[in-house]
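A.B. asks:
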Amino acid sequence: MSETYIEETAEAADTVASRLGINRREFMQFCAATATTLGLPTGAEAAIAKAVEKAKRPSVIWLHFQECTGCSESLLRAEHPTLEKLILDVISLDYHETLMAAAGHQAEAARKSAMKANKGKYVLVVEGAIPVAKDGIYCKIGGHKAIDMLKECAADAAAVIAIGSCASWGGMPSTEPNPTGASGVADVLGKPVVTIPGCPPNPYNFLATVVHFLTFGKLPDIDHLGRPKFAYGRIIHEHCERRAHFDAGRFAHEFGDEGHRKGYCLYKLGCKGPETYANCSTIGFGDVGESNWPVACGHPCIGCSEKGVGFTKPIHMTAQLKGMSPPASYPGVVEQQGKSSFAAAAALAAIAGAAAGGAAMLAKNLGKQDEASAQKKGE
Amino acid sequence: MADHSYAHAPRPLGGSLFTPLTLLLGVLAGIAGVILLYRLFYGLGAVTNLNDGYPWGIWIAYDVVVGSAFACGGYAMALLVYIFNKGQYHPLVRPALLASLFGYTLAGASVIFDLGRWWNFWHIFWPGYAQVNSVMFEVAVCISAYIVVMWIEFSPAFLEKWGMKDVRQKLNKVLFFFIALGVLLPSMHQSSLGSLLVIFGEQIHPLWQSGMLLPVIYLMTAILLGFAVVIFEATLSSTGFKRQLETPVLTPLSKVMFGLLAAYVVVRVADLLLRGALGTAFAATWQAFWFWVEMACFVVPLVLLATEQARRSAAKLFVGAVLLMLGGFLLRINGFLVGYMTGEGWHYFPSLAELMVTVGLIAFEILAYIVIVRNYPVLPAAQPVTR
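The listed protein sequences derive, respectively, from chains A and B. In case it helps, my numbering puts the first sequence at residues 1 to 379. In case it helps, my numbering puts the second sequence at residues 1001 to 1387.
#1: State the DSSP-derived secondary structure class of S92/A, mapped to helix, strand or coil.
#2: In the DSSP output, which residue or residues are listed as bridge partners for C265/A?
#3: Would Q29/A pass as an interface residue toward chain B - the criterion being a Cβ-Cβ separation below 7 angstroms?
#4: Among residues of its own chain, excluding the 5 on either side of V60/A, which ones have a beta-carbon nearer than 7 angstroms to its beta-carbon?
#5: So, do the region 173-185 of chain A and the region 202-220 of chain A have three or more beta carbon pairs nearer to each other than 8 angstroms?
#6: Check the C-beta distance from G963/B over to S1100/B and give it rounded, since I have them as a contact under 8 angstroms.
#7: Can you find at least 3 beta carbon pairs, one from the region 354-363 of chain A and one from the region 300-309 of chain A, that sit closer than 8 angstroms?
#8: Residues bridged to Y1417/B by DSSP?
#9: Can you list, in chain order, the residues of its chain with a C-beta nearer than 6 angstroms to that of V1135/B? Leave out the 5 residues immediately preceding and following it.
#10: List, in chain order, every chain B residue whose beta-carbon is nearer than 9 angstroms to that of D370/A.
#11: Which residues, taken in chain order from the region 333-356 of chain A, show a beta carbon closer than 8 angstroms to some beta carbon of chain B?
#12: I'd like to confirm the pairing. Which residues does DSSP put opposite I130/A in its beta bridges?
#13: Less than 7 angstroms between the C-beta atoms of N1051/B and Q336/A, yes or no?
#14: Throw me the rounded Cβ distance for the G1057/B and E1354/B pair, which I believe falls under 8 angstroms.
#15: Would you please verify whether the beta carbon of L1028/B is less than 7 angstroms from any beta carbon of chain A?
#16: At a CB-CB cut-off below 7 angstroms, which residues of chain B make contact with G367/A?
#17: What would DSSP say about I219/A, mapped onto helix, strand or coil?
#18: Under 7 angstroms, do V1111/B and R1332/B count as touching if we go by C-beta distance?
#19: Just to confirm, are A1228/B and A1321/B a CB contact at a threshold of 7 angstroms?
#20: Under a Cβ-count criterion, where at least 16 other Cβ atoms within 10 Å of its own Cβ denotes burial, should T1247/B be classed as buried or exposed?
#21: Which residue spans inside the region 1287-1373 of chain B form an unbroken alpha helix (DSSP H) run of at least 4?
#22: Go ahead and pull the three-state DSSP assignment for E3/A.
#23: Could you tell me how far apart the beta carbons of D1063/B and L1361/B are, in whole angstroms, since I believe they sit closer than 8 angstroms?
#24: Got a sec? Which residues, its chain only, sit under 6 angstroms from F1318/B by beta carbon, not counting five neighbours each side?
#25: How many whole angstroms separate the CB atoms of P300/A and L266/A, which I take to be in contact at a CB cut-off of 8 angstroms?
#26: Am I right that L1219/B and S1187/B are in contact with their C-beta atoms under 8 angstroms? What's the rounded C-beta distance?
#27: With 7 angstroms set as the bound, which would you pick, yes or no: does the beta-carbon of W1292/B sit closer than that to a beta-carbon of chain A?
#28: For P228/A, which residues does DSSP report across the bridge?
#29: In chain A, which residues lie with their C-beta within 9 angstroms of the C-beta of Y1038/B?
#30: Whole angstroms is fine: what's the gap from F1018/B's alpha carbon to M1341/B's?
#31: Note down, in chain order, every chain B residue with its Cβ under 8 angstroms from the Cβ of A411/A.
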């Protein structure tokens, strides 16, 4: 990294920091943390800092449909950056039913005007599933059906991000028998969108995606389900801190048993880590490090982010192992402490006996020779 | 061929290589070979009774620790002849060296078979892999070096046979260096074999956990065993090959051995007393039982060979030597297996396959000894017994 580059970065950091009302150190920590979450190389935090400084705050329209607002809540609890500083200042949040001050017709008017002013440039974030049964009558806001609102807002959006499992693939509202026909954004729009599944998803996966968009002008690489690869590229099981127990065949069999208390693998309690793609096992939740995610707390993963797993399979049903097969045999937990064989003991006794006998015979013969030579000398 | 500068110049014995004994030895060695091959492909668990509590068994305790101590004849004789300049024992050096040669070479090779991932055995010689602060490293490198040194020390026997006089002469000029190494190296690793037990601390029964005195005890008994083996082997080969008994040379040798034995017993008993460990010898345990057997094997020769008169008797010399070998054997087996207390419930007894490998190894040593003394100048030229 050249010196001028460092200087520029520092300058950028100062500018943004003062704009956001946080100190420079906190801001650089945010950039670095985001770069790490995205799996970007060293130096990327500088690019992020510059992008956040220079980019005009993009307009964000945030829609809520069939959901619990847990995704917004988890985002509110993000510590670096604190949401009220960064999301409200780095972006221009023009419509968010929970956070906006406006209400009623005033709120809907704000949405319309933001859409008009930033046509083709705003970012649309969708939280919650969209009911499509019976022509979508199960969810209405300001007299508009959810399905219509979504289509209207998505038409002129620069990017569409579905946050949470509900918006990503239907989530909890879509659980069978699904009377409202709750569906994900991509299904309703009929085109792929970026999805950040999870119930709630890790806020940093969402923030990193947004910052990636700000920094590089495009959304991060996604897989066939629209999930950013940096966060959903691997199954939880691969980097689970209890993985060694799985490989060694040490399992908790019920809550509170010895294995459970010792922190053994939760696979047999129904942990869905082996079939769920997410980075929970590497970044944790709530900014308190790796001790805070379901498995670390002693509860099996329920696969909340994975369609067909979370809210579909019973919580304690054994997971289907993905992308890996268990070894043909596990090392024993109870090690045999030694075996004896009669044949070996008998053989050893026979060898010892033969050796003793041979030595005795030889000694006897030598004794005779000794006597003979003594006699010879005597004569 | 052999130079005739001294009366007892070694000569090949000649004679047939195919006798019932050599065939039996060959079969035993062959069985061991097959078992070892099976072990290389199917692992230690398939052949041995080793377990997590006992990661080593007789392949280490006997084949390496006892085997190399039994192979100290060459070392003990070199020490006596070259360091203490007792030239009259020279005729005993070469046969002793031959026995040591195979004892050590096979002890070194046994280690490979005892390694779980034997294909990585070379790591210990490779800088970066080896842990240079470990006693095991010292033992491994030192034994390997000694094996090479011993082959060089013994090579005159081959060179004489093959008539390579020039090489022989050149080697003679530097041989003193290898002889010196051949005395230094075993002093190092035979004591280190005792040091191995130091780090086991309380896992070794107090009767054998002598702490920092362990290297001394193991070195003293190694030299003691060296003399005992020379007497044993000289008597056996005289009888087996129907040659004159070598008692006249062995009698003064046994006096040296007797002195060392007396010193050893004093050190051993004093150590037990000072550490306050002797009390455990009166408990009703297997360890106490085997301790008394071991001590008897050292004390009985002390009584048996006390007088010059007794040391002139081939029979008493032989019995004394056998008992000492048994004592040295028990000291090591007791320290490494019987007195090794790894925790509740663990036990170890060698499997038949393990035993057969050890038996085969001994058979191979004897077979190789017979083949070499019949074909190469090792044993001193002497008249067959006329009786």
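Every residue gets a Cβ at the ideal spot worked out from N, C-alpha and C, and that includes glycine.
C.D. replies: Let me spell this out:
#1: Strand at S92/A.
#2: The partner list for C265/A (beta bridge, DSSP) reads F251/A.
#3: Judged by the 7 angstroms Cβ criterion, Q29/A is not in contact with chain B.
#4: Same-chain partners within the cutoff: I91, S92, L93, D94, Y122, V123 and V125.
#5: Fewer than three beta-carbon pairs drawn from the region 173-185 of chain A and the region 202-220 of chain A are found closer than 8 angstroms, and the two stretches are therefore not classed as touching.
#6: Nothing can be reported for residue 963/B: it is not among the residues displayed for chain B, which extend from 1001 to 1387.
#7: Not touching, per the Cβ criterion.
#8: The structure shown has nothing for residue 1417/B, since chain B only spans 1001 to 1387.
#9: For V1135/B, same chain residues with a beta-carbon under 6 angstroms away, outside a window of 5 residues either side, are S1192, S1195 and L1196 in chain order.
#10: Contacts between D370/A and chain B, judged by CB atoms closer than 9 angstroms, involve T1247, R1312, S1313, A1314, A1315 and K1316 in chain order.
#11: Hits within the stretch, in order: E335, Q336, Q337, G338, K339, S340, S341, A343, A344, A345, A347, L348 and I351.
#12: In the DSSP output, where bridge partners are listed per residue, I130/A has S183/A.
#13: Taking 7 angstroms as the Cβ cut-off, N1051/B and Q336/A qualify as a contacting pair.
#14: That belief holds up - the Cβ atoms of G1057/B and E1354/B are roughly 6 angstroms apart, short of 8 angstroms.
#15: With 7 angstroms as the cut-off, L1028/B does not count as an interface residue toward chain A.
#16: Taking the beta carbon of G367/A as reference, the chain B residues within 7 angstroms of it are A1315, listed in sequence order.
#17: The identity of residue 219/A in the sequence shown is Leu, whereas the question assumes Ile. L219/A sits in coil when the DSSP states are folded into three classes, being neither helix nor strand.
#18: Note that the C-beta distance between V1111/B and R1332/B is not below 7 angstroms.
#19: Yes, the Cβ-Cβ distance between A1228/B and A1321/B is below 7 angstroms.
#20: So T1247/B ends up on the buried side.
#21: Counting only runs of 4+ residues, the alpha helix (DSSP H) found wholly inside the region 1287-1373 of chain B occupies 1308-1311 and 1314-1333, in chain order.
#22: With a pLDDT of 49 at E3/A, under the threshold of 50, the modelled position of this residue cannot be trusted; read the value that follows with caution. Per DSSP, reduced to three states, the secondary structure at E3/A is helical.
#23: Yes, they are in contact, since the Cβ atoms of D1063/B and L1361/B sit about 6 angstroms apart, within 8 angstroms.
#24: T1235.
#25: Confirmed, Cβ separation roughly 4 angstroms.
#26: With 8 angstroms as the limit, L1219/B and S1187/B qualify as a contact, their Cβ atoms being about 6 angstroms apart.
#27: Judged by the 7 angstroms Cβ criterion, W1292/B is not in contact with chain A.
#28: According to DSSP, which records beta bridges pairwise, P228/A is partnered with I222/A.
#29: Using a Cβ-Cβ cut-off of 9 angstroms, Y1038/B is close to nothing in chain A; its nearest Cβ partner there is about 16 angstroms away.
#30: So the alpha carbons of these two residues sit roughly 46 angstroms apart.
#31: In the structure displayed, chain A extends from 1 to 379; residue 411/A sits before or after that span and is not available.
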